[in-house]
Amino acid sequence: MIAPTAPAVPTAPAVASRWVHPAAPDAPGDYAALRERFAPVLQEIAAGSADRDRERRLPHAEVRALTEVGFTALTVPLARGGHGAGIETFFRLLIDLGEADSNLPQLLRAHFSHVEELLLGEQGPEADQRLESIAAGAVFGNASHERSTATVGDLSTTVVRDGDGYRLDGEKHYSTGSLFADWIDVSARTEDGGRARVTVRADAPGVTLRDDWDGFGQILTGSGSTLFEGVSVPADQVRVRPNGGDGAPTTQTSFLQLVLLSSLVGVARAALRDAVGFVRSRTRVYSQGSGATAAQDPLVQQVIGRISARVAAAEDAVLAAARALEVARSASEDDRDARIDAAELRTIQAQLTVVPDVLSVTTDLFEVGGASATSTSRALDRHWRNARTLSSHNPVIYQQRAIGDRLLNGTDLLYFWSTGETPKSS
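Each residue of the sequence shown is one higher than the one before, starting from 1 at the first, in full-length UniProt numbering.
Okay, here's the thing in structure tokens:
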């Protein structure tokens, strides 16, 4: 994996982002040209998807191939060596990647979020250097969540002063993408109770990456645990956030959710593709069927038609939310919060559409055939397992309630939430 020279965390004074411009529809050629560029890699990834799932073979080679063709630099500006893709083009291509293998958009979620933060955040030589390193192939992973005794909203991972630098200690779970990364963004608690974003080399002394994710779906995302034991961190790799940096309206919430939803739409597309392929190849029919072949049976045709409609509806919902996000990213200061809120609402509504539609698709595909559709050689079950696992992120029940509360009572949407132990009563 490419490991360019370490770029420092941006420390330059904050200035307006020069990479985000007034929203405009992507030129039709942008997506088509990029899709053509990536087509050979996406085809190769799709061809090995079922075998990788069956063998639990982590997609290191596939991630490397994506860096080599510049997929991981999709939204990096042209001036910094990337493709300069707009948000809608980005999510369309992410859906294409999800169709090839739904593990890949999710394992690159933290990476693309890191790029987004660079584009919308402080600008200066340090940010430029990091964007250029990403265009050269650097990949960023995530270590934010904990499965510890920390209470809700707290962290047990700490970063403390140690000479001229810092020392990082703690254990993270759900470190999605870190097994494939050159760098890891770590959330930690400071000595005074604040929060910090710490960026460390994935191969730094004291960093242990474990492939111990035991979920039944999305099994190749590298969402295991990461142990940090006395990791030395230069001072310029630590960004302290005294107030935690939580709660203010931000486009990052929508962006992160849309990555998961794009992966889900990719699952649905792949399920439809495999259902059609299965029916077309099927020579066995039921005596009570209504066609000479499965493909000519009106009931089978009905199932395929219903599946295709749900796939289209799910994709449309994601792209509509992506367009709202594009508007919010480039909104003026006076209009910014309102546009962010509109994008967040549209993203949550998309989630409430996509999740049930994709779960229905990945269940209904088994209605087009008999027990042979459940053969492990076909690996059709991976679509439901992957869809169910992706759908369990940011549970739908809380999102449904949030929209209802908003519409009925005007309650603000949440832009930050966390998990942890329930505080014990004294």
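In this text, a Cβ means the ideal position worked out from N, Cα and C, and glycines have one as well.
These numbers come from a predicted model, not from an experiment.
Query, Result
"Within 10 angstroms of its Cβ, does LEU407 collect 16 or more other Cβ (buried), or is it exposed?", "exposed"
"Provide the residue span of the beta strand (DSSP E) that contains ASP142, from first to last.", "For the record, residue 142 in the displayed sequence is Asn; it is not Asp. First-last of the beta strand (DSSP E) with ASN142: 140-143."
"Given THR157, which residues of its chain have a CB within under 6 Å of its CB, disregarding the five upstream and five downstream residues?", "GLY170, ALA188"
"From what residue to what residue does the beta strand (DSSP E) around TRP213 run?", "No beta strand (DSSP E) holds TRP213; DSSP gives it neither H nor E."
"Report the three-state DSSP secondary structure of ALA27 (helix, strand or coil).", "Note on ALA27: pLDDT 47, under 50, position unreliable in the model; the coordinate value appears next. In this structure, ALA27 counts as coil in the three-state DSSP scheme."
"Relative to the ligand PLP, is the shortest distance from any of its heavy atoms to the C-beta of VAL318 smaller than 7 Å?", "Absent from the structure shown: the ligand PLP. Ligands present: none."
"Of the choices GLN399, PHE416, ARG382, whose alpha-carbon is the least far from that of ARG54?", "ARG382"
"How far does the alpha helix (DSSP H) with LEU168 in it reach, from first residue to last?", "Element bounds for LEU168: not the alpha helix (DSSP H) but the beta strand (DSSP E), 165-172."
"Using a 10 Å radius around the Cβ and a threshold of 16 neighbouring Cβ atoms, would you call ASN142 buried or exposed?", "buried"
"Enumerate, from N- to C-terminal direction, the unbroken beta strand (DSSP E) stretches of 3 or more residues contained entirely within the stretch 258-335.", "none"
"If you run the structure through DSSP and keep just helix, strand and coil, what is ALA379?", "coil"
"DSSP on LEU408, reduced to helix/strand/coil?", "helix"
"How far does the alpha helix (DSSP H) with GLU88 in it reach, from first residue to last?", "87-100"
"Can you tell me whether ALA350 is buried or exposed, with buried defined as 16 or more other CB within 10 angstroms of its CB?", "buried"
"What residue from ASP51, THR199, LEU74, LEU260 has the CA that sits closest to ILE134's CA?", "LEU74"
"Can we say the stretch 258-276 touches the stretch 94-105, given the rule of at least three CB pairs closer than 8 Å?", "yes"
"Between the alpha carbons of ALA322 and SER113, how many angstroms are there, rounded?", "14 Å"
"Can you name the start and end residues of the beta strand (DSSP E) that THR226 belongs to?", "226-233"
"Using the three-state DSSP reduction, which class does ARG56 fall into: helix, strand or coil?", "coil"
"Start and end of the alpha helix (DSSP H) containing ASP128?", "125-135"
"Could you check the C-alpha separation between GLU229 and THR208 for me, to the nearest Å?", "8 Å"
"Among ARG282, ILE340, SER175, ALA271, whose alpha-carbon lies nearest the alpha-carbon of THR363?", "ALA271"
"Do ASN386 and GLN218 have their C-beta atoms within less than 8 Å of each other?", "yes"
"Among VAL69, VAL240, GLY165, TYR415, which one has its Cα closest to the Cα of GLN257?", "TYR415"
"Tell me, please, which residues DSSP counts as bridged to VAL160.", "ARG167"
"Report yes if the C-beta distance between PRO395 and SER262 is below 8 Å; otherwise report no.", "no"
"Report, in whole angstroms, the separation of the C-beta atoms of ALA343 and THR251, which I expect to be a contact under 8 Å.", "6 Å"
"Name the residue from SER308, ILE184, ARG130, LEU260 whose alpha carbon lies nearest to the alpha carbon of SER360.", "SER308"
"Quick check on ARG385: does DSSP put it in helix, strand or coil?", "helix"
"Assess, as a yes-or-no matter, whether the stretch 77-89 is touched by the stretch 115-132 under the definition of 3 or more beta carbon pairs within less than 8 Å.", "yes"
"State the beta-bridge partners of THR199 as determined by DSSP.", "ASP185"
"Who are the Cβ neighbours of PRO234 in its own chain at under 7 Å, not counting the five residues just before and after it?", "GLY165"
"So the beta strand (DSSP E) ARG239 belongs to, where does it begin and stop?", "238-241"
"In whole angstroms, what separates the C-alpha of residue 452 from that of THR283?", "In the structure as shown, the chain begins at 1 and stops at 426. Residue 452 is therefore absent and cannot be evaluated."
"Once the 5 residues before and after ARG306 are set aside, which same chain residues still bring their CB inside 8 Å of it?", "ASP364"
"Closest by CA to GLY177, which one among GLU62, GLU99, ARG339?", "GLU62"
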